[in-house]
Every structure is written in structure tokens, then in C-alpha cells.
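Protein sequence lines correspond, in order, to chains G and F. Residues in the first sequence are numbered consecutively from 246, following the numbering used here. Residues in the second sequence are numbered consecutively from 37, following the numbering used here.
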Amino acid sequence: MIGNLLSYFFLAEWLSSSNPLLYLLGLVVYAIAVAIVISVFAYCFGWIERKIIAKVQHRHGPTYVGKYGILQNLADLVKLLAKQQTVPDTADKPVLYLSIMLVLAISTFIIFLLPLSPTLQASNLGFGLLAIFVIIAFFPMLIFLTGFSSGNKFADISAQRSVLIMIAYEIPMMIVVAAAALLSRGYNIQSLITMQSSNYFVVLMPIGFVVFFIVMLAELERPPFDLKEADSELIAGWLTDISAPFYAFALFIDYTRMFMGSLLIAILFFGGWYGPLLPPEVWLLIKAVIISLFIVVIRATTMRMRIDRILRTGWWYLVPLSLINLLLVYILFVG
Amino acid sequence: MPITRINIGPVHPSTHGVLRLVVDIDGDTVKNVEPHIGMLHRGVEKLVETRMYMQSPPYMEKLDYISPLSYDEAYVAAVEAALGVEVKERAQYVRLIQLELQRIASHLFFIGTLCNDLGQMFTTFMWAFEDRDKVLYLLQEATGSRMFYVNMRLGGVVRDLPPDFAEHALNFLDYLDKRLKEYESFIEKNPVFMERMKGVGVLSRADAIDLGVTGHVLRASGISYDVRKDKPYYVYEKLNFNVKTQQGGDNFARYKLRMEEIRESARLIRRALNTIPEGDALGMPIRLIGPSAKNKISMVSRELPRGEALMYLVADPQRPYRLSIRSPCFINLAALGHLTSDVRLADLFAIMGSLDLVVACVDR
Chain G
246 MIGNLLSYFF
256 LAEWLSSSNP
266 LLYLLGLVVY
276 AIAVAIVISV
286 FAYCFGWIER
296 KIIAKVQHRH
306 GPTYVGKYGI
316 LQNLADLVKL
326 LAKQQTVPDT
336 ADKPVLYLSI
346 MLVLAISTFI
356 IFLLPLSPTL
366 QASNLGFGLL
376 AIFVIIAFFP
386 MLIFLTGFSS
396 GNKFADISAQ
406 RSVLIMIAYE
416 IPMMIVVAAA
426 ALLSRGYNIQ
436 SLITMQSSNY
446 FVVLMPIGFV
456 VFFIVMLAEL
466 ERPPFDLKEA
476 DSELIAGWLT
486 DISAPFYAFA
496 LFIDYTRMFM
506 GSLLIAILFF
516 GGWYGPLLPP
526 EVWLLIKAVI
536 ISLFIVVIRA
546 TTMRMRIDRI
556 LRTGWWYLVP
566 LSLINLLLVY
576 ILFVG
Chain F
37 MPITRINIGP
47 VHPSTHGVLR
57 LVVDIDGDTV
67 KNVEPHIGML
77 HRGVEKLVET
87 RMYMQSPPYM
97 EKLDYISPLS
107 YDEAYVAAVE
117 AALGVEVKER
127 AQYVRLIQLE
137 LQRIASHLFF
147 IGTLCNDLGQ
157 MFTTFMWAFE
167 DRDKVLYLLQ
177 EATGSRMFYV
187 NMRLGGVVRD
197 LPPDFAEHAL
207 NFLDYLDKRL
217 KEYESFIEKN
227 PVFMERMKGV
237 GVLSRADAID
247 LGVTGHVLRA
257 SGISYDVRKD
267 KPYYVYEKLN
277 FNVKTQQGGD
287 NFARYKLRME
297 EIRESARLIR
307 RALNTIPEGD
317 ALGMPIRLIG
327 PSAKNKISMV
337 SRELPRGEAL
347 MYLVADPQRP
357 YRLSIRSPCF
367 INLAALGHLT
377 SDVRLADLFA
387 IMGSLDLVVA
397 CVDR
């Protein structure tokens, strides 16, 4: 609702202003607002995820700190901040800290670039969609750097796996994005969402949605592709030697990335901010939250796939399916 | 690619205890696995020599904390055989019921931890633990204790079954039948589970015999060997018990076999509860033990949930002179290196989970 109020009073006006100073001010205020939204989402989802998984497993989940354990994550955060941080001697500390921070910076930046409503947008780029997916392509490199520089063999192996998966899955992702761009006649996100006012893209290209959702799970390193924290084999993946405050940071990154992925799915396939009664920002957030809930339920029930099987799924099923999707979109809606 | 040597354990989420593995990997392929054991060695066999006969069962129970009652019973049976004590008929039924309940609890634990090793986030684990808890409540009702029962005594048991135990147990078994169907539909319809279980960690019939594995690992390779059938004790023969086998020899066969064994155990308990005779089931008070039993030797073999355990006991007045235990987990661990040559790193843990090792039992 804060975003809503802001958009109707001054923020939207500032962001579309031709005065560079006013635009810059608008950007700063908008960035702070986005950071607050991300933090609230990360905090709430930390709790919601625990509660949902507890329900699936016939447990109670957190109950002691605060009503229904809502403050449990705060307590955990305090604990993690108070703990001593240990980093192995073999670690390349500057690279480690810088790369893990850049992972957060990039995911936040992507959310920042996404439009929250027809008026609330940092910048209405003509090639916005392309820009976002180009930035997403930085993830494998940063994750590899984090794992490689943390001086731990488990982290190293896990980082290599993450890179393998992400590179293999980025190809079907880009093909699906190309199909979406074909449908919306361009890479502008605003027009992509406006094209969905009558028909959501999930109806127009269901195959593309399935492929994109699976790819997003891999890109966010969520189960069944969570080789990041393959706890039965690699302890905690590329986060094995990340401790105390940086572990809290890593958890925050996890939820930020989930938020990013959910927003992307909501914008690409579920019509972004379209919905009755409520203001557009709220609709977008509601859609993102529902998609995140779905991702969490998948986490509670599925098992982890093996790395070679993940790659095989990527190359043998997802790439052909995404190509078929592109072809169908071209034949049915464009050609 | 160069060979990377990684150290797994002794403290690691999926070694189920303090087992240390030194693993050489080439890329993602396991080249060599070297288990280092002994970090949980407590010298139980030696401890027994310093204690009177019936002071030892609590130590025996800690050998396998997933199925404590089974080891307890194996030890007491060895003492009984050495000292020539007959077990009362009702006590045989009571022991059988409790042993099979313990087997169900242990197998449920296995199914939960196996799914955990495959990377599920504790869901099947929690469900299986919920059901295992119900077994523990039944055993608590029967023995007064939740985890370490110490319910065996020479010639009988410490506590007879309580009056309404049969009703509670039968209710639970009906509930368990439904739950097992749920597990099967939840786990076996999961393509990721099937993909990671079918055809992984195949142990051929000949290799199974050569490696000397017992229990579910042997029976999953298609060999029908079960101590309960081949060297029957108590009333197993009378209750018409079937040995289950599977042909695959892979992870899935080991899992499926245990599912079927739970059903078979449930059937056994039902039959035992229906045919249990009236009478006295209590064993001898502890004070009476330790008559002249010099140089009497007994060798008792028992089918534990994890395989065949052999208790070799040389008796002496007051104390055992020597006790040697053939631990099923130790022998099954020996198969790990054979099973994991040239598998994927992730499969190493799936195979280890399917062998169902208890490190306390390996180390003794």
C-alpha cells in the first residue's frame, strides 16, 4: 500500500519527469521503496516457508517467538549476526565477499528494473526484457566465483555444478523469452504486460510457461535443482564455508532471488498487474506471492535430481520444447 | 580431469553417525571410497566381560540405537543357550511380537532417512517418524520405556504384555497398512525417486554371496536367506512366515523389500496376537544367575532388521568369559566400496542410505 500511495502522490510523477534532478530523486526514493518491499517479502517468506513446510510434514514450525512464531526469523537473524565469522585460510576473502554481495546486488537490480505498475517504473527501456535476462546471465559467474574463492572443495564442486546447470538452462529460458517477445512485438516490458490485458501469455503458450517455470526453479536453485544446498552430499553447496552474518546474507539472497523469479513469471505469463478492484502494484505482488508459495510447496515434497539427469533434462527436453513453443507461437499468432 | 580427494564425515549430514569416508572423485564420478571406521568404538565386547550377565543388556541396546530390542534379545538368547535356560512359551510369543514391532520401527526409520539422503526436505522422514513414534508408544506400553527397553530376562521377559495391548497393536497395524499405501503412492510415483533408485548400486547375486552381506541387502539380490526361516527360533516356524525377496539387487529392490518386510512383520504380529497362549511369561530374577557355567559355549544367530547378527559367547560363572559379535552393518559396509565404483557422487549417498548402516553397530 505504501508503494500505491507513493505512486499516486509524487513518485510516478518524479520518475517520468524530464528534470534530471527530480528523476534522480525519484530513482533514489523508488530504490528505497523497492528495498523495503524486498526486505518485507524476504522476512515474511522466511516465516511462511517454514510454516508451510511444517504443515506438510505434520509439524508446527516456529511457535515460541512472537505470535505464531512470526518473530522467529528476527531471533535467528540476531543469532547469526552475533556469531563469530570463520573463513578458511585458503579463501580469497575480497573476491568471496564481493561476489556474494554482487549476487544480491544483481537480483535487487533486476527487481528494480521491473515495472511495478503502469506508472511505477525506474526506466521504461525499449529493450527492458532483454536487459533483464542479460543481467541474469551474470549469476553463474558470480556463483562460481563465490564457490571457487571460498577455499572449500565442497563449495568448489557445488559452484561448478551450479554453473553447468545455469548455462544449460539459460538457453531454453532465452528461447521462451524470445517467444514472449514475439507475442508482444518487442522487448518492452510495459507493452508486454499491456498485450496480456485480454489473454495472459500462460494461455497463449502453456508449453513455454512449463519450460520457463522449470528453468526458473533451476535458475533460483530451488528444489528439485537445489544442488546449491545439496545437504546430503555437498553439505551446503557453494555456501559451505559462509558463516554467521554472511549466512544470514545468503538466506536473504535466496529469498530475494525467489521474489525476482516470481515477479518475472508473474510479468511474463500472468499478466503482471492486471486484476480487478485492487491497485496494480498489489495485484503484481499477490501474483508473485502465489507463485512463490507454489515454489515452496515443491520444495517440501520433491527429491533432488542428480546433476547429469538435470543436464539431460535441459538439453533433451527443455531445449526442444522451448523451440516447439517458439514455432507454435510464430505459426499461430505471428505468421 | 585430475582426481580430487574429498573427505566426507565424520560429521556429515548423510553418514548417519560418525562414519568417515575418503572419496576420490574424477569430475562427478566416484573412483574410490575408503571408509574409516572406529570413531564410535566403545569396546562393548570387552565391557561385557567385566559385568555380570544381566548387567550387559543396556550396553547391547546401544549397539544399534535404531532397533535396540533386537540386540538385547540376541545377547540374552546367547546367554540362555550357554546356560541352558528354556524360554517359556508365552514369553516366546511376547518376544516375537516385540521384535517384529521393533523391526517395523527400524524399517520406517530407514524409509525416512533414505528419502532424506535422496535430498527430500525431511517430508517423508517426518511422516515415517510420526508412524515410528506410534510403534514406540506401543513398545512403551509393553515395556515401560520408549527407546532402550531392557525387557529381556533369562527364560522370559521383564514385563508381560498389558491387557489391552492386543487391541492397540491391531488398531495400529490397520492404520499402518493405510499409511504404507500412502508412502508408496507418494514416493514411488515420484519420477525423481525412481530415477535415482532403479538400476543404481546393483549388487549381483554372486557378489552378494562373495561379500557376505546379509539381511535386506542379500535378499534384495534374489537370495532367500533369512535366519528366521533357515535357523528358526521361537515360534516363527509355527506362525507360517514367508521370506520376501526381490530380484533387482539395486537401491529400489532394497527399498521395496523393506516395504514388503514391514507388511510381513505386521502379518506375523497379527497371527502371534491371535494365537498367543495364556500363562506365565516372566523371566528369572537377576539374582539367580551365575551358576556353575564354566566353559559353556554358545553361538546364536538372529535376524536383526539390518541383517544376521551372530553372538558367540563363552560362559563363565558370574560373567561372560568372552563375547564376540558378528555385526551385520560391518559386513554390509564392506559392500559399499564394491557398489560405489564408478557411480555419480550423488549416488554414493543414495547407495549408502539403501545399505542402512548404523555406525554404532559397525564400530561396536
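No residue lacks a Cβ here, since even glycine has one placed at the ideal position from N, Cα and C.
Asked	Found
Cβ pair Ile367 of chain F, Gly343 of chain F closer than 8 Å	yes
Cβ distance (whole Å) where Ala127 of chain F is taken to contact Leu174 of chain F below 8 Å	In fact, because the Cβ distance is near 18 Å, the residues do not count as touching under 8 Å.
Within 8 Å of chain F by C-beta, residues of the segment 293-309 of chain G in sequence order	Ile298, Val301, Gln302, His303, Arg304
Per-residue burial, Trp483 of chain G [other beta carbons within 10 Å of its own, 16 or more giving buried]	buried
Test item: CB-CB of Thr160 of chain F and Ala545 of chain G under 8 Å	no
Chain-ordered neighbours of Thr558 of chain G on chain F, where CB pairs are closer than 7 Å	Neighbours of Thr558 of chain G on chain F: none; closest Cβ ~10 Å, over 7 Å.
Residue(s) in a DSSP beta bridge with Leu318 of chain F	F:Val193
Within 8 Å, strictly: CB atoms of Phe208 of chain F and Ala178 of chain F	no
Selection from F:Lys170, F:Leu346, F:Leu254 that minimises the alpha carbon distance to Arg215 of chain F	F:Lys170
Rounded Cβ spacing between Gly319 of chain F and Gln282 of chain F (contact assumed at less than 8 Å)	Going by Cβ atoms, the distance from Gly319 of chain F to Gln282 of chain F rounds to 37 Å, so no, they are not a contact pair.
Beta-carbon proximity of Phe145 of chain F to Arg168 of chain F, cut-off 8 Å	yes
Spatial neighbours of Ala533 of chain G in its chain, beta-carbon cut-off 7 Å, leaving aside the 5 residues before and after	Phe504, Ser507, Leu508, Ala511
Selection from F:Asn226, F:Gly251, F:Leu275 that minimises the alpha carbon distance to Ala371 of chain F	F:Gly251
Beta-carbon gap between Ala376 of chain G and Leu361 of chain G smaller than 8 Å	no
Span separating the alpha-carbon of Leu479 of chain G from that of Asn276 of chain F	46 Å
Bridge partners - Ser334 of chain F, DSSP secondary structure assignment	F:Leu349
Proximal residues of chain F, C-beta to C-beta of Pro469 of chain G below 8 Å	Gly155, Val228
Own chain partners of Gly53 of chain F with C-beta closer than 6 Å, once the 5 adjacent residues on each side are dropped	Val395
Other residues of its chain near Ile459 of chain G: CB distance less than 7 Å, five sequence neighbours each side excluded	Leu563
Beta carbon proximity, Ile552 of chain G to chain F, threshold 8 Å	yes
Under 8 Å between C-beta atoms of Gln302 of chain G and Met162 of chain F	yes
Selection from G:Ser443, G:Tyr309, G:Leu428, G:Ile416 that minimises the alpha carbon distance to Val456 of chain G	G:Ile416
Cβ-based contacts, 9 Å cut-off: residues of the segment 39-57 of chain F near chain G	Thr40, Arg41, Ile42, Asn43, Ile44, His48, Pro49, Ser50
Which listed residue (F:Tyr107, F:Tyr129, F:Ile147) has its alpha carbon closest to that of Asp316 of chain F	F:Tyr129
At least 3 beta-carbon pairs within less than 8 Å: the segment 183-192 of chain F vs the segment 78-96 of chain F	yes
Three-state secondary structure assigned by DSSP to Asp243 of chain F	helix
Beta-carbon neighbours of Ile480 of chain G, restricted to chain F and to distances below 8 Å	His48, Pro49
Outcome for Thr547 of chain G when other beta-carbon atoms lying within 10 angstroms are tallied against a minimum of 16	buried
The alpha helix (DSSP H) enclosing Asp60 of chain F, as first and last residue numbers	That residue, Asp60 of chain F, is in no alpha helix (DSSP H); its beta strand (DSSP E) goes 56-62.
Assigned exposure category for Phe372 of chain G - 16 Cβ within 10 Å defines buried	exposed
Test: Met548 of chain G CB closer than 8 Å to a CB of chain F	yes
Chain F contact for Arg544 of chain G (CB, 8 Å cutoff)	yes
Gly398 of chain G at chain F interface by Cβ criterion, 8 Å	For the record, residue 398 of chain G in the displayed sequence is Lys; it is not Gly. By this cut-off, Lys398 of chain G is an interface position.
Alpha-carbon to alpha-carbon, Lys280 of chain F and Met386 of chain G	51 Å
As assigned by DSSP and simplified to three states, the class of Arg557 of chain G	helix
Contacting residues, own chain, Cβ-Cβ under 8 Å from Glu203 of chain F (five flanking each side not counted)	none
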